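Asks:
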Amino acid sequence: MRRFALLASLTLLATTAASAPPAHRAAATAHNEIGVDLAGIDHSVQPGDSFDRYANGGWRARTQMPPDRTRIGSFVNLADVIDTRNREIILGAVNAHAAPGTDTRRIADYYTTYLDQAGIDARGTAPLQPILAHINAIQDRRALSAALGETLRADVDPMNATNFFTENLFGLFVSQGLETPDTTMPYLLQGGLGMPDRDYYLSDAPDMVRIRTAYRAYIADMLSLMGVPDAPARAGRIFDLETKIARAHVGAVDAQDPTKVEPWSRADFARRAPGIDWDAYFAAAHLGGQQNFLAYHPGPITGISALVGSEPIGVWKDWLAFHTASRMASVLPRAYDDLRFGFYGRIMSGQQAQRPRDRRALAATSGALGDAVGQLYVRRFFPASARADVQNMVHNITAAFEQRLQHIDWMAPATRAEALHKVRTLIVGIGYPDSWRNYASFEVRPGDAFGNAWRAQEYEYRHQLAKLGRPVDRHEWWLFPQTVNAVNLPLQNALNFPAGILEPPFYNAHADPAFNYGAIGSVIGHEISHSFDNLGAGFDAEGRLRNWWTPADLAHFTAAGQALVRQYNAYEAFPGLHLNGQLELGENIADVAGLSAALDAYHASLHGRPAPVIGGLTGDQRFFLAYAQAHRALTREAAMRAQIATNEHAPDQWRAETVRNLDAWYPAFNVRPGQALYLAPADRVRIW
Ligand SMILES: [Zn+2]
50 MRRFALLASL TLLATTAASA PPAHRAAATA HNEIGVDLAG IDHSVQPGDS
100 FDRYANGGWR ARTQMPPDRT RIGSFVNLAD VIDTRNREII LGAVNAHAAP
150 GTDTRRIADY YTTYLDQAGI DARGTAPLQP ILAHINAIQD RRALSAALGE
200 TLRADVDPMN ATNFFTENLF GLFVSQGLET PDTTMPYLLQ GGLGMPDRDY
250 YLSDAPDMVR IRTAYRAYIA DMLSLMGVPD APARAGRIFD LETKIARAHV
300 GAVDAQDPTK VEPWSRADFA RRAPGIDWDA YFAAAHLGGQ QNFLAYHPGP
350 ITGISALVGS EPIGVWKDWL AFHTASRMAS VLPRAYDDLR FGFYGRIMSG
400 QQAQRPRDRR ALAATSGALG DAVGQLYVRR FFPASARADV QNMVHNITAA
450 FEQRLQHIDW MAPATRAEAL HKVRTLIVGI GYPDSWRNYA SFEVRPGDAF
500 GNAWRAQEYE YRHQLAKLGR PVDRHEWWLF PQTVNAVNLP LQNALNFPAG
550 ILEPPFYNAH ADPAFNYGAI GSVIGHEISH SFDNLGAGFD AEGRLRNWWT
600 PADLAHFTAA GQALVRQYNA YEAFPGLHLN GQLELGENIA DVAGLSAALD
650 AYHASLHGRP APVIGGLTGD QRFFLAYAQA HRALTREAAM RAQIATNEHA
700 PDQWRAETVR NLDAWYPAFN VRPGQALYLA PADRVRIW
């Protein structure tokens, strides 16, 4: 379920990277810098009216959205810094002229080949042709089922990264079983749509109608470009098929719910989901010997399989051909790439211009060879002192969270004991994993950008399948070290804080503790709290989905959550478009609980001494400003609308406003009744 710290970017929306401000690390001094961006404050706004505009209005007023971005702010700016470092690493690999078969050589070849647009253009669609010929040869349902099975990839993650999107018919996730923490299981998820969610096909909202009209045109344009005759009519049939798939899907809120997951044996598929020839499907997916699965979305699997049985084979072949070209467009000739950008970039996200090819090549390389790049990254850019410092903060914030559990007045002793056991056995990974992936089986060929991207997906798939039948590794990492994010892993009762986020404006080695507890401390608290959000609280210390709550405690917890749902439902992003408090509940619980624990830990770190005043700001003022500035962002309207429709994270400015739920924020900024964010003490949501 919803796990990413701050941003879970939609898979569809472009990756990060850009011309970067320098990573300014002033000459080392003591831990007494203010950290807070004073020039970013807008003093014309009362903190009690909008804390986001107070903390970030100055910055927003002088910031312009670059044409090739959909979102900028703390996250993206840091991602740019990391990108510049990755560039150094990757260009270093290129210049090393390493021996074939080494990771250094893989990095170099992947990058230079992806970057070579002229070479890609010159090859034309040659790399695509064998795949299209294979699809074209399909004569019956058995062959169709096998072809669909061949597309299965490990491209979704419902538990950690909360990525539910795949253009393939289904998506696969491999991790320990929901109720069997000592057995690794394959989870099958709904898929098959080119747009992010069923609402894009079925909703009457004008924005959705506009986007799906453009999508239908995009399918036709792609078929035309591929030289498919009668493209508009065939595009219409592909679109109609996807609309039927969308009807079989569950929506974003239900899609997350782990209590709907069902264990299915191999034999259950034929019985419960007729249509697909499952023998052919699983054999082609290299899962022929697997007897036990978890159907993450059982209803949709049944519905989608029925469509494989009932819809014309010719339409399915067109659907496969279209999605293959669309999915791989970034490594096909420029006309394909531009066409895809026109829909997914321009229409879906409001992005005006494509990212420069070199930035996309960096992102693609860092994704395909994440641990190889990451290993070089941490060696060069992640000092042991930062790891120790953050380890210490994690320890203090975990202790603060434990204290809150000890003193919660509504919780029965049995529930409290389970909660304490869970927080005390949390596994926390900081910076990078204990062991690195081996890329020896991943063949990177110079001059074959398409094949490299294809084999990267196959490598990831094989890597995940190889976990089946082996002992569960609760120390497994789910982010690469150079990623600007953090994640809670409910099945492993573990957290990952990659080196990429342990940088300003989240962590600043020279800053006063008020800043670091407000920024990275609130991220740490957020991830710890995910273990106790509306979904995380369903998992025990071993990562087993099990109800360890007394009914009265669960009722209290649920009621507190509903107050937060109402608080976020009341925010109106655009006229008539409110936030989805239920979809965002886990993230919003994590924000308010994490911020509370981080503040406690900051206060404890003062050991009874008064906090110093720095730059005219008290300790609590700096703490809250650091938090709100970590959530500073400017987002295009189209991208924000897509986020509200499908993402578990509220847009950043409303995440910053959650300070209104903390008592200490009121005296710190002299917030009074009558101001827009003011909540009477009884209305402030306290979950933990
Ligand atoms: Zn989160």
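This note's numbering numbers the first residue of the sequence shown as 50 and each following residue consecutively.
Glycine is no exception: its CB is placed at the ideal position from the N, C-alpha and C atoms.
Values in this document were obtained by computation on a predicted structure and should not be read as measured data.
1. Compute every distance between the C-beta of ALA639 and the non-hydrogen atoms of ligand 2, then say whether any falls below 7 Å.
2. Thinking just about the alpha-carbon of each residue, which of VAL614, ASN341, ALA677 and THR684 is nearest to the one in ASP732?
3. Quick check on the burial criterion: 16 or more other C-beta atoms within 10 angstroms. Buried or exposed for ALA543?
4. Quick one: does the C-beta of HIS575 sit closer than 7 Å to a heavy atom of ligand 1?
5. Where in the stretch 383–431 do unbroken runs of the alpha helix (DSSP H), each at least 4 residues long, occur, reported from the N-terminal end onward?
6. Grab the span of the alpha helix (DSSP H) containing ALA646 for me, first residue to last.
7. Is GLU216 helix, strand or coil by DSSP?
8. Which residues does DSSP pair with GLY480 in a beta bridge?
9. Between ARG408, ARG376 and LEU381, which lies nearest to TYR393 when the distance is taken from Cα to Cα?
10. In chain order, what residues of the same chain lie with their CB nearer than 8 Å to the CB of LEU469, ignoring the 5 residues before and after it?
11. Tell me the DSSP secondary structure of HIS627 in three-state form.
12. Taking 8 Å as the threshold (C-beta atoms), are GLY300 and ARG247 in contact?
13. Please list, in chain order, all residues of the same chain as VAL477 whose beta carbon is under 6 Å from its beta carbon, the five residues on each side excluded.
14. From MET234, ALA410 and LEU227, pick the residue whose C-alpha is nearest to that of LEU140; which is it?
15. May I have the straight-line CA-CA distance separating ASN209 from GLU636, to the nearest angstrom?
16. For HIS73, which residues from the same chain have a beta carbon less than 7 Å from its beta carbon, with the 5 sequence-adjacent residues on both sides left out?
17. Quick one: what does DSSP say SER314 is sitting in, helix, strand or coil?
18. Any heavy atom of ligand 1 closer than 7 Å to the beta-carbon of HIS579?
19. From which residue to which residue does the beta strand (DSSP E) around ARG120 run?
20. Beta-carbon separation of GLN531 and ILE131 under 8 Å?
21. Just checking GLU633 against ligand 1 - is the residue's beta carbon closer than 7 Å to any of the ligand's heavy atoms?
22. Looking at GLU621 and ligand 1, is the gap between the Cβ and the nearest heavy atom below 7 Å?
23. Given a cut-off of 8 Å, decide if PRO207 and GLN305 are closer than it, judged by their beta-carbon atoms.
24. Using the Cβ count rule (16 or more neighbours within 10 Å means buried), how would you classify SER571?
25. Using the beta-carbon count (16 or more within 10 Å), is LEU538 buried or exposed?
26. Since THR233 is in the beta strand (DSSP E), which residue starts that stretch and which ends it?
27. Run the proximity test for GLU636: is its beta-carbon closer than 7 Å to any non-hydrogen atom belonging to ligand 1?
28. Any idea if TRP459 is buried or exposed, counting beta-carbon neighbours within 10 angstroms, 16 or more meaning buried?
29. Taking all protein chains shown into account, do 16 or more other C-beta atoms lie within 10 angstroms of the C-beta of GLN678, making it buried, or fewer, making it exposed?
30. With a CB to CB cut of under 7 Å and the five nearest residues on each side skipped, what residues in its chain are close to VAL302?
31. Return the first residue and the last residue of the beta strand (DSSP E) that PHE672 is part of.
32. Among all the DSSP beta bridges, which residues are the ones paired with LEU711?
33. Which first and last residues belong to the beta strand (DSSP E) in which ALA682 is found?
34. Within a Cβ cutoff of 6 Å, which residues of the same chain sit near GLN239, ignoring the five residues on either side of it in sequence?
35. Can you name the start and end residues of the beta strand (DSSP E) that ASN537 belongs to?
36. In this structure, does DSSP put SER379 in helix, strand or coil?
Replies: Reading from the atomic positions:
1. As for ligand 2, it is missing from this structure, which binds only ligand 1.
2. Sequence index remark: in the sequence shown, residue 732 carries index 683 (1-based). Looking at the Cα atoms, VAL614 is the closest of the given residues.
3. Taking the sequence shown and counting its residues from 1, the one referred to as residue 543 is at position 494. By the neighbour-count rule (16 or more Cβ atoms within 10 Å), ALA543 is buried.
4. Indexing the sequence shown from 1 puts residue 575 at position 526. Checking the Cβ of HIS575 against ligand 1 gives yes.
5. 383–389, 406–417 and 419–430
6. Residue 646 sits at position 597 when you count from the first residue of the sequence shown. In the DSSP annotation of this structure, the continuous segment of the alpha helix (DSSP H) that includes ALA646 starts and ends at 634–654.
7. On the sequence shown, residue 216 is found 167 positions in, with the first residue counted as 1. It is coil, neither helix nor strand.
8. Residue numbering aside, residue 480 sits at position 431 when the sequence shown is read from its first letter. In the DSSP output, where bridge partners are listed per residue, GLY480 has PRO547.
9. For the purposes of this step, residue 393 is identified with residue 344 of the sequence shown, where counting begins at 1. Residue ARG376 holds the alpha-carbon nearest to the alpha-carbon of TYR393 among ARG408, ARG376 and LEU381.
10. Within the sequence shown, residue 469 is the residue found at index 420, counting from 1. GLU451, LEU454 and GLN455, listed in sequence order.
11. Looking up residue 627 in the sequence shown gives position 578. Three-state result, HIS627: strand.
12. Taking the sequence shown and counting its residues from 1, one reaches residue 247 at position 198. Taking the sequence shown and counting its residues from 1, one reaches residue 300 at position 251. Cβ atoms of ARG247 and GLY300: closer than 8 Å.
13. The residue labelled residue 477 in the question sits at position 428 within the sequence shown. Contacts found: VAL443 and LEU544.
14. Sequence index remark: in the sequence shown, residue 140 carries index 91 (1-based). It is ALA410.
15. Reading the sequence shown from its first residue, position 160 is the one you call residue 209. Reading the sequence shown from its first residue, position 587 is the one you call residue 636. Going by the C-alpha atoms only, they are around 13 Å apart.
16. Start at 1 with the first residue of the sequence shown, and residue 73 comes out as number 24. Note that HIS73 scores a pLDDT of 36, beneath 50, so its modelled location is shaky and nothing firm can be said.
17. In the sequence shown, the residue the question calls residue 314 occupies position 265. If DSSP states are grouped into helix, strand and coil, SER314 belongs with the strands.
18. As a first step, residue 579 is located in the sequence shown; it is residue number 530 there, counting from the start. Relative to ligand 1, the beta carbon of HIS579 is positioned inside 7 Å of a heavy atom.
19. Locating residue 120 in the sequence shown gives position 71, where the first residue counts as 1. Unbroken beta strand (DSSP E) run through ARG120: 120–122.
20. Here the question's residue 531 lines up with position 482 in the sequence shown. Here the question's residue 131 lines up with position 82 in the sequence shown. Contact: yes.
21. The count along the sequence shown starts at 1 and reaches residue 633 at position 584. No, the Cβ of GLU633 stays beyond 7 Å of every heavy atom of ligand 1.
22. Against the sequence shown, residue 621 aligns to sequence position 572. GLU621 Cβ: outside cutoff for every heavy atom of ligand 1.
23. Locating residue 305 in the sequence shown gives position 256, where the first residue counts as 1. Locating residue 207 in the sequence shown gives position 158, where the first residue counts as 1. It is a contact, given that the beta carbons lie within the stated cut-off.
24. Taking the sequence shown and counting its residues from 1, one reaches residue 571 at position 522. When all chains shown are included, SER571 counts as buried.
25. Here the question's residue 538 lines up with position 489 in the sequence shown. That one is buried.
26. By one-based count along the sequence shown, residue 233 stands at place 184. Its beta strand (DSSP E) spans residues 233–239.
27. Counting from one through the sequence shown, the residue named residue 636 turns up at place 587. Yes; taking the cut-off as 7 Å, the Cβ of GLU636 has a heavy atom of ligand 1 nearer than that.
28. Taking the sequence shown and counting its residues from 1, one reaches residue 459 at position 410. So TRP459 counts as exposed.
29. For the purposes of this step, residue 678 is taken as residue 629 along the sequence shown, with counting starting at 1. With 16 or more Cβ atoms within 10 Å of its Cβ, GLN678 is classed as buried.
30. Here residue 302 corresponds to residue number 253 of the sequence shown, with the count starting at 1. Once the five neighbours on either side are set aside, the close Cβ partners of VAL302 are GLN631 and LEU632.
31. Working through the sequence shown from its first residue, we reach residue 672 at position 623. PHE672 -> not in any beta strand (DSSP E); alpha helix (DSSP H) instead, spanning 668–679.
32. In the sequence shown, counting from the first residue as 1, residue 711 sits at position 662. None; LEU711 has no bridge partner.
33. One-based indexing of the sequence shown puts residue 682 at position 633. Unbroken beta strand (DSSP E) run through ALA682: 682–684.
34. The residue labelled residue 239 in the question sits at position 190 within the sequence shown. These residues qualify, in order along the chain: HIS298, HIS346 and PRO349.
35. Working through the sequence shown from its first residue, we reach residue 537 at position 488. Residues 536–538.
36. Here residue 379 refers to the residue found at position 330 of the sequence shown. Helix, per DSSP.
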